[in-house]
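Novice:
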Amino acid sequence: MAYLTFKDFKSDQEVRWCPGCGDHAVLAALQRALPKVSQALNYEKERYVVVSGIGCSSRLPYYMDTYGFHSIHGRATAISTGIKVANPTLTVWQACGDGDALAF
260 MAYLTFKDFK SDQEVRWCPG CGDHAVLAAL QRALPKVSQA LNYEKERYVV
310 VSGIGCSSRL PYYMDTYGFH SIHGRATAIS TGIKVANPTL TVWQACGDGD
360 ALAF
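Numbering of the sequence shown is given in our numbering, commencing with residue 260 and proceeding in unit increments.
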């Protein structure tokens, strides 16, 4: 397996969050963590899925160069679970804001 870097998980989409938004830090942390996870677990890039709910955090899958899914209000957790059940070999990462997380 080829060694993956930060740039391998960065999409070609322009990040449109407001300057100073905490979502920038979440995105950067995820893009830095996934190469380390890949190396430690010997995972290919194609094993990653990023799922989001609503709000500003919903853009996260567009900014990651992985498989992604933008779900509906309050259903990111259910969809993430469904993806993992359907294909247990995938590594599913979920991003949601307070409105989405509390919509159960």
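Glycine included, C-beta positions come from ideal geometry on N, C-alpha and C.
(1) Hey, how far is the Cα of G314 from the Cα of D359?
(2) Ignore the nearest five residues each way along the sequence and tell me which others in K395's own chain have a CB closer than 6 angstroms to its CB.
(3) Rounded C-beta distance between C355 and A335? I'm assuming under 8 angstroms.
(4) If you follow the beta strand (DSSP E) that G327 is part of, which residue opens it and which one closes it?
(5) How far does the beta strand (DSSP E) with A354 in it reach, from first residue to last?
(6) Leaving aside the five residues before and after L300 along the sequence, list all residues of the same chain whose C-beta is less than 6 angstroms from its C-beta, in chain order.
(7) DSSP three-state call for Y307: helix, strand or coil?
(8) Pick out whichever of D282, Q290, C277 has its Cα sitting closest to the Cα of L270.
(9) Roughly how many whole angstroms lie between the Cα atoms of K266 and L293?
(10) Just to confirm before moving on: does the CB-CB distance between S311 and P320 stay below 7 angstroms?
(11) Indicate whether K304 and L263 have their beta-carbon atoms separated by less than 7 angstroms.
Specialist: Concretely, from the data shown:
(1) 8 angstroms
(2) It is not possible to answer for residue 395, since the shown part of the chain is limited to 260 through 363.
(3) 5 angstroms
(4) 326-329
(5) 350-354
(6) none
(7) strand
(8) Reading off the sequence shown, one finds Ser at residue 270, where the question assumed Leu. It is Q290.
(9) 11 angstroms
(10) yes
(11) yes
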